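Participant:
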Amino acid sequence: MQPTVSDFLVSRLREWGVERLYGYSGDGINGVMSALRRADGAPRLIQPRHEEVAAFMACGHAKFSDQVGVCVATSGPGAVHLLNGLYDARKDHMPTVAIVGQQARMSLGTDYQQELDLMALFKDVASEYVQMVTEPAQARHVIDQAMRIAIARRTVTCVILPNDVQDLPMEDPPMEHGAVFSGVGYRFPAQLPEPADLDAAAEILKSGKKVAILAGAGVKHAVDELIRVADLTGAGIAKAILAKTMVPDDLPGVTGAIGLLGTEASDRMMRECDTLLMVGTRFPYVEFLPEPGQARAIQIDVVPEALGVRYPTEVNLHGDAGATLAALAERLKRKRNSKWRKQVQGWIDDGWKKTEARAATEAAPINPQLVFQSLSPRLPDDVMLTCDVGSATNWYARNLKIRRGMLGSVSGGLASMGNGVPYLIAAKFCHPSRPAIAMVGDGAMQMLGNNALITLAKYWQEWEDPRCIVLVLNNHDLSQVTWEQRVMEGDPKFDTSQDLPEFRYDQYAELLGFKGLVMREPDDIDRVWDEALAANRPVVVNAYTDSDIAPLPPHIELEQAKNYLASMLKGDSSGLHSAKLSAKQMGRSLFRRKK
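1 is the number of the first residue of the sequence shown in the UniProt record's numbering; add one for each residue after it.
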């Protein structure tokens, strides 16, 4: 049998090093599914229950493997379902390729069943490269371009395959004018800025007396170089949320997360520094950065359009983070005066004490911070952590003390609910011998997580280490948004939009063959974590937590306090209970003092 276009696609992906695809079948992609069957698992198709989960898994695959993630879907509705997970990959700059079916070429333009304008549909999310294969000789360079551009530009690309093209005999391009012969392979170079710019940046760091570093996801493979520059300059290191697990919290000078989810130590460092070094980050919240003119700033990024867009930087260094930091370190000498670093470390030590004290605040039934505080010292050294979007992200960012060797991620740029369990499953496929923990709110669990657990049930028994825990913060409330309604809008909780139905996640887990555990009161927490981490199968922890524990920002503006008080006066359904808990929490925070 002569290989088809789909056979070529599958074999070409294998040449590019793709070991698995995440996707769901349908008549618009049947030719590719037949080719995957004939390929006998090389590459392997992983079947989730929904295309959105497939795209999230492809993004998670890229995050936890440092390889391109590939997802596949049928035409029409299957293609539409991919979009959210693909936008997650695009916003977090994860190399991801979507392979999407389409109706037969002869019917295009007739509003045929499941026909959509897929070029237009994917033009934004895959703006760097989206192409439809209309004849066999085109397939080679389209696949190669999609893979190479996704890897080189760390972005999303899309290949559209009409269903009649999928089954056509594969043909090489002819040896004639107008033909294109492409090849496989790309390795990202270690890129350095101009020496003059490195010299200028080094002089700024040398002259700075209070140096602060803001590290983003771009430091993933440059941690040693980052730490060296921090030690030479006496700098503290704050972390954007995607860098949470990249820079260990037990190193001197690491202030923790920054921003709405951040620590008071990071906030104070930014308010008092005179020099700022930003590395591999597009952190968006200007109110948590030094005021313009306060600090001389340097930025390092491998993507030129990311330079100088968040803060008025004096020197922009276009280069690979590791190589650029190493070149900077060669130009620096260790500062003798350690007063600034000691001051920063004092804020850090005080912050961890406050975090522990806040976790001990009584709540009804359980303070969610205490759940994370109990987990932190129990984390296995090689654990993989995934966190969904919601109030859980606050406690992930603040209460877990990360050690070297741990991996983790969230939906950063898109901040989409529903990523936690798909990321978890993808991480386990990438590293089947490592334990993994997902931290998910009940809103995200009811939205997509419960569905994704069925996929976990299908595959977990093939993994070398079966430890796979899903923590569900069950507070019957979309609590992060509830607090945003109070603090940003001055509105009371809108029960109609915020209340969630009860769901027994632990009993559902048992139906799927997992272990289901329940935290109903504080005395359950330590015992349940010990039991979950010792289990020989996946575990779902149903933790009944208090939605009225405020996810306090590191500083509270007067306007935010006024809005919160206004929301209470308008008749918030949580009323007195929320106010009492907030008072206890806010007792450990100060209003931001204007300079």
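Beta carbons are placed, not taken as given, at the ideal position from N, Cα and C, and that holds for glycine. All values reported here derive from a predicted model rather than from experimental measurement.
Let me know the secondary structure DSSP gives Ala535 once reduced to three states.
Facilitator: The residue labelled residue 535 in the question sits at position 535 within the sequence shown. It is coil, neither helix nor strand.
Participant: From Arg90, Val540, Ala120, pick the residue whose C-alpha is nearest to that of Gly76; which is it?
Facilitator: For the purposes of this step, residue 76 is taken as the residue at position 76 of the sequence shown. Closest by alpha carbon: Ala120.
Participant: Mind checking whether Ser573 and Asp495 have CB atoms under 8 Å apart?
Facilitator: Counted from its first residue, the sequence shown places residue 573 at position 573. Counted from its first residue, the sequence shown places residue 495 at position 495. Taking 8 Å as the Cβ cut-off, Ser573 and Asp495 qualify as a contacting pair.
Participant: Straight-line CA distance for Val133 to Asp40?
Facilitator: The residue given as residue 133 occupies position 133 in the sequence shown. The residue given as residue 40 occupies position 40 in the sequence shown. Straight-line Cα distance between these residues: approximately 24 Å.
Participant: Who are the Cβ neighbours of Trp352 in its own chain at under 8 Å, not counting the five residues just before and after it?
Facilitator: Translated into the one-based positions of the sequence shown, residue 352 becomes position 352. So the list reads Lys401, once near-sequence residues are dropped.
Participant: If you measure between the beta carbons of Asp301 and Met170, is that distance less than 8 Å?
Facilitator: By one-based count along the sequence shown, residue 301 stands at place 301. By one-based count along the sequence shown, residue 170 stands at place 170. Not closer than 8 Å, so no.
Participant: According to DSSP, is His141 helix, strand or coil?
Facilitator: On the sequence shown, position 141 is the one that residue 141 refers to. Helix.
Participant: Does the segment 464-471 come into contact with the segment 435-442, if we say contact requires no fewer than three beta-carbon pairs (one atom in each stretch) closer than 8 Å?
Facilitator: Touching, per the Cβ criterion.
Participant: For His431, which three-state DSSP category applies?
Facilitator: Residue mapping note: residue 431 aligns to position 431 of the sequence shown, counting from 1. It is coil, neither helix nor strand.
Participant: Looking at C-alpha atoms only, which residue of Arg268, Arg14, Glu135, Asn474 is the closest neighbour of Met147?
Facilitator: As a first step, residue 147 is located in the sequence shown; it is residue number 147 there, counting from the start. Ranking the options by Cα distance to Met147, first place goes to Arg14.
Participant: If you follow the beta strand (DSSP E) that Ala436 is part of, which residue opens it and which one closes it?
Facilitator: Here residue 436 corresponds to residue number 436 of the sequence shown, with the count starting at 1. Taken as a continuous stretch (DSSP letters only), the beta strand (DSSP E) holding Ala436 covers 436-441.
Participant: Let me know the beta strand (DSSP E) ranges lying completely inside the segment 173-224, each 3 residues or longer, listed in chain order.
Facilitator: The segment 173-224 contains these whole beta strand (DSSP E) runs: 211-215.
Participant: Using the Cβ count rule (16 or more neighbours within 10 Å means buried), how would you classify Lys177?
Facilitator: As a working mapping, residue 177 is identified with position 177 in the sequence shown. For clarity, residue 177 is His in the given sequence; the question names Lys instead. His177 comes out exposed.
Participant: Using CA atoms only, rank isn't needed, just tell me which of Gln2, Val100, Gly346, Glu502 is closest to Thr545.
Facilitator: Locating residue 545 in the sequence shown gives position 545, counting from the first residue. Cα-wise, what sits closest to Thr545 is Glu502.
Participant: Just to confirm my understanding: we take Asp523, look at its own chain, exclude 5 residues before and 5 after, and list those with CB closer than 6 Å. What are they?
Facilitator: On the sequence shown, residue 523 is found 523 positions in, with the first residue counted as 1. Closer than 6 Å at Cβ, skipping near neighbours: no residue.
Participant: Along the chain, where does the alpha helix (DSSP H) that runs through Gln498 open and close?
Facilitator: In the sequence shown, residue 498 corresponds to position 498, counting from 1. Where Gln498 is concerned, the enclosing alpha helix (DSSP H) stretches over 495-498.
Participant: If distances are taken between C-alpha atoms only, which option among Leu424, Ser107, Met445, Val68 comes closest to Ile149?
Facilitator: Mapped onto the sequence shown, residue 149 falls at position 149. When only C-alpha atoms are compared, the closest one is Val68.
Participant: What is the residue span of the beta strand (DSSP E) that Ser409 lies within?
Facilitator: Here residue 409 corresponds to residue number 409 of the sequence shown, with the count starting at 1. Run containing Ser409: 407-410, per the beta strand (DSSP E) assignment.
Participant: Over what stretch of residues does the beta strand (DSSP E) that includes Asp301 continue unbroken?
Facilitator: Looking up residue 301 in the sequence shown gives position 301. It spans 296-301 - the beta strand (DSSP E) in which Asp301 sits, taken as one unbroken run.
Participant: Give, in chain order, every unbroken run of the beta strand (DSSP E) that is at least 3 residues long and sits entirely within the segment 463-496.
Facilitator: If we require 3 residues or more, the beta strand (DSSP E) runs fully inside the segment 463-496 come out as 468-474.
Participant: Measure from the alpha carbon of residue 600 to the alpha carbon of each residue in Val219, Asp124, Leu86, then state which is nearest.
Facilitator: Shown here, the chain extends from 1 to 595; a query on residue 600 therefore has no answer.
Participant: Is Asp274 near Gly346, with beta carbons less than 8 Å apart?
Facilitator: As a position in the sequence shown, residue 274 is number 274, starting the count at 1. As a position in the sequence shown, residue 346 is number 346, starting the count at 1. Not closer than 8 Å, so no.
Participant: Once you ignore the five residues that flank Gly412 on each side, which residues in its own chain have a CB closer than 8 Å to its CB?
Facilitator: For this step, residue 412 is matched to residue 412 along the sequence shown. Only Lys91, Asp92, Ala217, Ala240, Ile241, Leu242 meet the Cβ criterion.
Participant: Buried or exposed: which applies to Phe188, given that a residue is buried once 16 or more other Cβ atoms fall within 10 Å of its Cβ?
Facilitator: As a first step, residue 188 is located in the sequence shown; it is residue number 188 there, counting from the start. Looking at its Cβ environment, which holds fewer than 16 other Cβ atoms inside 10 Å, Phe188 is exposed.
Participant: Flag this pair as yes or no: are the beta carbons of Arg228 and Ala327 separated by less than 8 Å?
Facilitator: Your numbering for residue 228 matches position 228 in the sequence shown. Your numbering for residue 327 matches position 327 in the sequence shown. No, Cβ-Cβ distance for Arg228 and Ala327 is not below 8 Å.
Participant: Which residues mark the beginning and the end of the beta strand (DSSP E) in which Cys387 is found?
Facilitator: Position 387 of the sequence shown, counted from the first residue, corresponds to residue 387. Start and end: 384-387.
Participant: Out of curiosity, what's the CA-to-CA distance linking Met447 and Gly516?
Facilitator: Translated into the one-based positions of the sequence shown, residue 447 becomes position 447. Translated into the one-based positions of the sequence shown, residue 516 becomes position 516. Straight-line Cα distance between these residues: approximately 20 Å.
Participant: With a threshold of 7 Å on Cβ separation, who are the neighbours of Thr324 within its own chain once the five nearest residues in sequence on each side are excluded?
Facilitator: Taking the sequence shown and counting its residues from 1, the one referred to as residue 324 is at position 324. For Thr324, where only same-chain residues beyond five positions count, the Cβ hits under 7 Å are Leu192, Pro193, Ile300, Leu317.
Participant: Just mark Ser497 as buried or exposed, buried being the case when its beta carbon has 16 or more other beta carbons within 10 Å.
Facilitator: Sequence index remark: in the sequence shown, residue 497 carries index 497 (1-based). Its Cβ having fewer than 16 others within 10 Å, Ser497 is exposed.
Participant: So who's on the other strand from Leu161, going by DSSP bridges?
Facilitator: Numbered from 1 along the sequence shown, position 161 holds the residue referred to as residue 161. In DSSP, Leu161 forms a bridge with Gly101.
Participant: Taking DSSP as the reference, what is the three-state secondary structure of Leu289?
Facilitator: Counting from 1 along the sequence shown, the entry for residue 289 is found at position 289. DSSP places Leu289 in coil when its eight states are reduced to three.
Participant: Thr263: buried (16+ other C-beta within 10 angstroms of its C-beta) or exposed?
Facilitator: Your numbering for residue 263 matches position 263 in the sequence shown. Thr263 comes out buried.
Participant: Residues in the same chain with beta-carbon distance under 7 Å from Glu531, minus the five sequence neighbours each way, listed in chain order, please.
Facilitator: Within the sequence shown, numbered from 1, the residue matching residue 531 stands at position 531. Same-chain partners within the cutoff: Leu517.
Participant: Look at the alpha carbon of Arg593 and the alpha carbon of Arg271, and state the distance between them as a whole number of angstroms.
Facilitator: Taking the sequence shown and counting its residues from 1, one reaches residue 593 at position 593. Taking the sequence shown and counting its residues from 1, one reaches residue 271 at position 271. Note that Arg593 scores a pLDDT of 36, beneath 50, so its modelled location is shaky; the value from the coordinates is reported in the next line. Going by the C-alpha atoms only, they are around 10 Å apart.
Participant: For Lys239, does the three-state DSSP call read helix, strand or coil?
Facilitator: As a first step, residue 239 is located in the sequence shown; it is residue number 239 there, counting from the start. Reduced to three states, the DSSP call for Lys239 is strand.
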